[in-house]
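Peer 1:
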Amino acid sequence: MKLYNTLTGEVEEFVPSDGQSVKMYICGVTPYSSTHVGHALSYVAFDVLRRYLEHLGYTVRHVQNFTDVD
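In terms of numbering that gives the first Met the number 0, the sequence shown is residues 0 to 69.
(1) Going by Cα to Cα distance, which pick from Gly18, Pro15, Asp17, Val62 is closest to Ser41?
(2) What does Ser20 pair with, by DSSP beta-bridge criteria?
(3) With H, G and I counted as helix, E and B as strand and the rest as coil, what does DSSP make of Leu6?
(4) Would you list the residues sitting across from Glu12 in a DSSP beta bridge?
(5) For Phe13, I'd like the list of residues in its chain whose CB is within less than 6 Å of its CB, leaving aside the five on either flank, ordered along the chain.
Here is the structure:
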């Protein structure tokens, strides 16, 4: 699987650093006004990625925040 590496700016083959486990921290939504379908995009997209990585046999720790500004 190839992913975009924001550090290098390149599309690279994904290889976990220890070969078995994957740690994902995802910045969730920060809703400033009405909720819309775009807020669900990060949750759905990264949930699909997590499930795919687990399907491949990786142990995945997935953390995603939700910031409430009120």
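Here a beta-carbon is modelled for each residue, glycine too, at the ideal position from N, C-alpha and C.
Peer 2: From the atom records:
(1) Nearest of Gly18, Pro15, Asp17, Val62 to Ser41, Cα basis: Val62.
(2) Thr58
(3) coil
(4) DSSP output for Glu12 lists Lys1 as bridge partner(s).
(5) Met0, Leu2
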